[in-house]
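Peer 1: Residue numbers (the working numbering): 1 to 442. The beta carbon of each residue, even a glycine, is placed where N, CA and C say it ideally should be. I am attaching a structure below and will ask some questions about it afterwards.
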Ligand code: S3P
């Protein structure tokens, strides 16, 4: 690997990937463990927390609001320790704006947690986050009684003032979004009565699974979740399993690198998160999962995969997309090397992520000589099993961590180096990505 300030050259791996490994803690669960503990009465104990830029944004945010976070780096690179929450006293007025960096989860979940408290907080973020839609969160919170300034503004910075007399609502979400669902449920903890969130297809359910650990009464079904308020969360213990979205990069690398075999251990096997394993199976991949145990209500276990020639394209229906939402970029690269067409139905939400991931996928695959296009909200990729990646490709990561790792796989698993711009954006979710792969090729 060679570096200058903006671009990184990713060289092909010198040997097949071979062996067992683990991945850092799940990003979604880590955010929730920190935020819910900060909201709770008492001292929560958390372990396995992902140490990444995004989770650090949540830690800094809750510290600015009065929670005490005493997490220490462990030998495996995770964070563990105690978090003393603001509990029934509520968060304190911060000194200045809360900067959520690149993290949409921090900004959106924070809006829900601040809803019942009469403080005024300006929420902001980096250039990418300040382009992402927020009205999807502020609209239901305004129905509950929260004020935003400017009211109805789509993008950060936005200033929020909560209300002690929140109204419980029944809200039909216009899109499947776990961040939206969580914001409404967290606000619902401060409202009198039952707050219900219905969604068009099931988004990840970590919030519904974790809130009962903090003593809250929630219900969770296929497309509906609810919470009963008012309720102050009570401190508890949370163990964060490995992140399946990070594991997906290692698994796809093993599938594409000739002669490889990998087992990723301790990974969350929550079905709302591992849709990519089913998709890869349908593409003909040699992949399997086996359960090891349970952390709270989150199942975890091993994902195993071996190099698979002769992958074939498949169609992924819209209602399955939320279960593999963050994996569409890396699956697109696998699809580029598969025989036939792969279709991802109803993926327009990908335009709203850390970058416009649909345009980025089409642009990056185009550099590789692979045809990819949108038809309405559906993404089509015409695979080429005998694809020869051209020399000297420079991929633009758009400063998006998942794109940076996706394009890196093209270089790592092929026989030509590629260049990736702003590769260091991987610090957002999987800072040890390259080390993990390189360690398994020795
Ligand atoms: C997340 C939910 C997903 C996902 C994001 C993390 C979460 O977004 O893309 O990376 O932790 O709740 P949606 O809100 O679109 O489901």
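Mind the definition here: the stretch 76 to 83 touches the stretch 111 to 124 only if three or more C-beta pairs lie below 8 Å; say whether that holds.
Peer 2: Judged by Cβ distances under 8 Å, the stretch 76 to 83 makes no contact with the stretch 111 to 124, as fewer than three pairs qualify.
Peer 1: Given the structure, does residue 204 come close to the ligand S3P, in the sense that its CB is under 8 Å from one of the ligand's heavy atoms?
Peer 2: Yes; taking the cut-off as 8 Å, the Cβ of residue 204 has a heavy atom of the ligand S3P nearer than that.
Peer 1: Would you mind giving the Cβ-Cβ distance between residue 210 and residue 337, rounded to the nearest angstrom? I have them listed as a contact below 8 Å.
Peer 2: So it is not a contact: roughly 37 Å between Cβ atoms.
Peer 1: Please list the terminal residues of the continuous beta strand (DSSP E) segment that includes residue 54.
Peer 2: Per DSSP, residue 54 belongs to no beta strand (DSSP E); it is in the alpha helix (DSSP H), 53 to 64.
Peer 1: Flag this pair as yes or no: are the beta carbons of residue 325 and residue 365 separated by less than 9 Å?
Peer 2: No.
Peer 1: So is residue 354 buried or exposed if we call it buried at 16+ other beta carbons inside 10 Å?
Peer 2: The residue is buried, with at least 16 neighbouring Cβ atoms inside 10 Å.
Peer 1: Closest to residue 36 by C-alpha separation, out of 173, 381 and 88, would be which residue?
Peer 2: Measuring from the Cα of residue 36, the nearest candidate turns out to be 88.
Peer 1: According to DSSP, which residues form a beta bridge with residue 197?
Peer 2: Paired residues: 171 and 225.
Peer 1: Could you give the DSSP three-state label for residue 236: helix, strand or coil?
Peer 2: Residue 236: coil per DSSP, three-state reduction.
Peer 1: Using the rule of at least 16 other Cβ atoms within 10 Å of the residue's Cβ for burial, across every protein chain shown, is residue 106 buried or exposed?
Peer 2: It counts as buried.
Peer 1: Kindly identify the DSSP beta-bridge partner or partners of residue 274.
Peer 2: Beta-bridge pairing links residue 274 to no other residue.
Peer 1: Would you say residue 326 touches the ligand S3P, meaning its beta carbon is less than 8 Å from a heavy atom?
Peer 2: Checking every heavy atom of the ligand S3P against the Cβ of residue 326, one is found closer than 8 Å.
Peer 1: Return the CA-CA distance between residue 295 and residue 288, expressed in angstroms with no decimal places.
Peer 2: Each residue's Cα considered, the two are about 21 Å apart.
Peer 1: When you compare each of 339, 334, 340 and 361 to residue 347 by their alpha carbons, which one comes out closest?
Peer 2: Taking only the C-alpha atoms, the option nearest residue 347 is 361.
Peer 1: For my contact list, residue 145 and residue 167 are in at a C-beta cut-off of 8 Å; report their separation, rounded to the angstrom.
Peer 2: Contact flag correct, Cβ pair sits at about 6 Å.
Peer 1: Classify residue 221: buried if its beta carbon has 16 or more other beta carbons within 10 angstroms, exposed otherwise.
Peer 2: Classification for residue 221: exposed.
Peer 1: With C-beta atoms as the reference, is residue 421 less than 9 Å away from residue 395?
Peer 2: Yes, the pair counts as a contact, with Cβ atoms nearer than the cut-off.
Peer 1: Between the C-alpha atoms of residue 31 and residue 262, what's the straight-line distance to the nearest angstrom?
Peer 2: Roughly 28 Å separates the two Cα atoms.
Peer 1: Are the stretch 222 to 229 and the stretch 198 to 214 touching by the rule of at least three beta carbon pairs closer than 8 Å?
Peer 2: Cβ pair count under 8 Å is three or more, so yes.
Peer 1: Is residue 208 near the ligand S3P, judged by its Cβ being under 8 Å from some heavy atom?
Peer 2: No; taking the cut-off as 8 Å, the Cβ of residue 208 has no heavy atom of the ligand S3P nearer than that.
Peer 1: If you draw a straight line from the C-alpha of residue 344 to the C-alpha of residue 92, how long is it?
Peer 2: Computed Cα separation, rounded: 45 Å.
Peer 1: Closer than 8 Å: is that where the CB of residue 349 sits relative to any heavy atom of the ligand S3P?
Peer 2: Checking every heavy atom of the ligand S3P against the Cβ of residue 349, one is found closer than 8 Å.
Peer 1: If I measure Cβ to Cβ from residue 406 and keep anything under 7 Å in the same chain, skipping five residues before and after, which residues do I get?
Peer 2: Closer than 7 Å at Cβ, skipping near neighbours: 329, 330 and 333.
Peer 1: Following a CB-centred definition, is residue 256 positioned closer than 8 Å to any heavy atom of the ligand S3P?
Peer 2: Residue 256: no, Cβ never under 8 Å from the ligand S3P.
Peer 1: If you drop the 5 nearest sequence neighbours on each side, which residues of the same chain put their C-beta closer than 6 Å to that of residue 376?
Peer 2: None.
Peer 1: Measuring alpha carbon to alpha carbon, tell me which of 367, 126, 94 and 313 ends up nearest residue 279.
Peer 2: When only C-alpha atoms are compared, the closest one is 313.
Peer 1: Which runs of the alpha helix (DSSP H) at least 4 residues long sit entirely within the stretch 396 to 427? Give them in chain order.
Peer 2: For the stretch 396 to 427, whole alpha helix (DSSP H) runs of length 4 or above, ordered along the chain, are 401 to 413.
Peer 1: So what's residue 80 in DSSP terms, helix, strand or just coil?
Peer 2: In the structure shown, residue 80 sits in a strand (DSSP, three-state: E or B).
Peer 1: Look at the alpha carbon of residue 1 and the alpha carbon of residue 11, and state the distance between them as a whole number of angstroms.
Peer 2: With a pLDDT of 48 at residue 1, under the threshold of 50, the modelled position of that residue is not reliable, and the figure given next carries that caveat. Cα-Cα distance, rounded: 6 Å.
Peer 1: Using beta-carbon positions only, say whether residue 69 and residue 264 come within less than 9 Å of one another.
Peer 2: Cβ distance not < 9 Å, so residue 69 and residue 264 don't count as in contact.
Peer 1: Answer yes if the stretch 188 to 206 comes into contact with the stretch 237 to 246, meaning at least three C-beta pairs across the two stretches below 8 Å, and no otherwise.
Peer 2: In short, these stretches do not touch, since the Cβ pair count stays below three.
Peer 1: Residues in its own chain within less than 8 Å of residue 417 by CB, not counting five upstream and five downstream?
Peer 2: 9, 10, 11, 12 and 411.
Peer 1: In the DSSP output, what is residue 315 paired with across the bridge?
Peer 2: Beta-bridge pairing links residue 315 to 343.
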